[in-house]
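Some notes on the structure that comes next.
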Amino acid sequence: MPDRKLFYEDQALARHATAVVAAGRDERGLHVRLDETIFYPEGGGQPADLGRIGAASVLDVQSGPEGVLHYVDRELAVGPVETVLDAGRRFDHCQQHTAQHLLTAVLLDHHGLATTSFHLGAATTSIEVKGPAPSRDALRAFEREVNAYLREDRRVTTRWVEPGALATLPVRSRGLPEGHTGPVRLVEIEGLDLNTCGGTHVSRLGEIQVMELIGAEPARGGTRITFLAGGRVLAGIEKSREIEEALRARIGTAPGEFASILDGWNDERRRLERRVRELEAEAAAHAAQRLAAQEGALLTAVRPGDGPEALRALANEILVLRPEATVVLVGGTVDPPGACFLVQAGPRGSADVSAIGGRVRELLGAKGGGKGPLFQGKGGTIPSAEALAGAVGS
Ligand SMILES: [Zn+2]
């Protein structure tokens, strides 16, 4: 019979010779059915297994009335084929999924928090429970509890029973899918939990290795608890170690001193920023006097390093000294290239500000505009002082 779900019979099977019995295409893409499959189809909150069927990559697996459809990246002919499971992905799902059974059981039995949904994501796994979000301390206590069960290394077993037998068993279940007929699969964590479930699981709690409850937040009237299990916790530790090493190389102290060192650096930075502002103000006053002493009514200057605010402050200082003049100032950065400019007429200035502004904008290759006595813009490259003077005809 096609579609035989071998992953229920031998979960360790990672490679299997079988046959493509049908090939087709629907809105999701190309798909094949297999005589026997080692690929778990998405369901019950657990994503599909991936891997290879012959030369094709498996992109998704879905189960429906038409059988188990394996979505593949290329056409496959009906006939014998070798199938290979992405066993690392499967084991990761087994760890996360069995961890969910354990967490759900502990939260309900010991804390009265009933699980209402389960989502196994690519980065984290979450359940939603009834009730308000637990405190940080409570979450740490839940984490210690589930890890204590992992140390006990209890057995995780599966078996099939007739639906009629469910009433006589202490089964925790959200109910059977609508239209379900035939035997029901039970998953049991020895002495802790008995549940209806069609997913894949580890065979002992010790295989989960470790669990980390990473957060709890209000969600849809209840609480979403997010966690990592097994390899995902270890990968997180590795990531933290890389970050710590990178920080240690830059800060040059043991991690325990990072916070106090950074606080010290911040204090020093604030002190230096204050000092730079004072010195900039002094320098601007000197620059204003020097520029105001230029001949003629059009005063130009190129000031790499000055931003738009510094240019405006400088222009205002100059125009206090020379109210009949018009100033043309260009600032900005050389690397990366990014100029800014300003043309401003004093209260008694008579220059055509918009005409001069247009010429500066063109010289720089900048954007900008203005009205009345002020024209300003940004972009393009900083010109030489001679080129600027030449362009505005000063
Ligand atoms: Zn399960």
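Using this note's numbering, read the sequence shown as starting at 1 and increasing by one per residue.
Don't be surprised by glycine CBs; every beta carbon is placed ideally from N, CA and C.
Remember, it's a predicted structure, so these values are computed and weren't measured experimentally.
Could you tell me which residues DSSP pairs with residue i in its beta bridges?
i, result
"E217", "R224"
"H31", "G24, Y71"
"T181", "Note: T181 sits in no beta bridge, so no partner."
"C340", "G331, K378"
"A235", "In DSSP, A235 forms no bridge with anything."
"L186", "R159, T196"
"D60", "Y71"
"T37", "K5"
Excluding sequence positions up to five away, which residues of its chain have a Cβ less than 6 Å from the Cβ of residue i?
i, result
"G230", "Q95, I208, Q209"
"A56", "V72, D73, R74, L76"
"A301", "L291, L329"
"K367", "G377, G379"
"G332", "G338, A339, C340, I382"
Take the Cβ of residue i as the centre, count every other Cβ of all protein chains shown within 10 Å, and call the residue buried at 16 or more, exposed below.
i, result
"L279", "exposed"
"D49", "buried"
"P183", "exposed"
"M211", "buried"
"D352", "exposed"
"T253", "exposed"
"H110", "exposed"
"G365", "exposed"
"I382", "buried"
"R33", "buried"
"T181", "exposed"
Give me the Cα-Cα distance between residue i and residue j, rounded to the nearest whole angstrom.
i, j, result
"L291", "I318", "7 Å"
"H66", "D60", "Checking the sequence, you will find Glu at residue 66 rather than His. The straight-line gap from Cα to Cα measures roughly 15 Å."
"F142", "T196", "24 Å"
"L205", "A216", "23 Å"
"F91", "V129", "25 Å"
"S384", "G338", "14 Å"
"V58", "E27", "16 Å"
"V78", "H93", "30 Å"
"W160", "R232", "31 Å"
"D137", "E282", "54 Å"
"R275", "E268", "11 Å"
"E242", "T226", "23 Å"
"P9", "I38", "This sequence places Glu at residue 9; Pro is not what is there. Between E9 and I38, the C-alpha separation is close to 10 Å."
Contiguous alpha helix (DSSP H) assignments of at least 4 residues, all confined to the stretch 115 to 164
136 to 152
Minimum length 3: unbroken beta strand (DSSP E) runs contained in the stretch 242 to 319:
298 to 302
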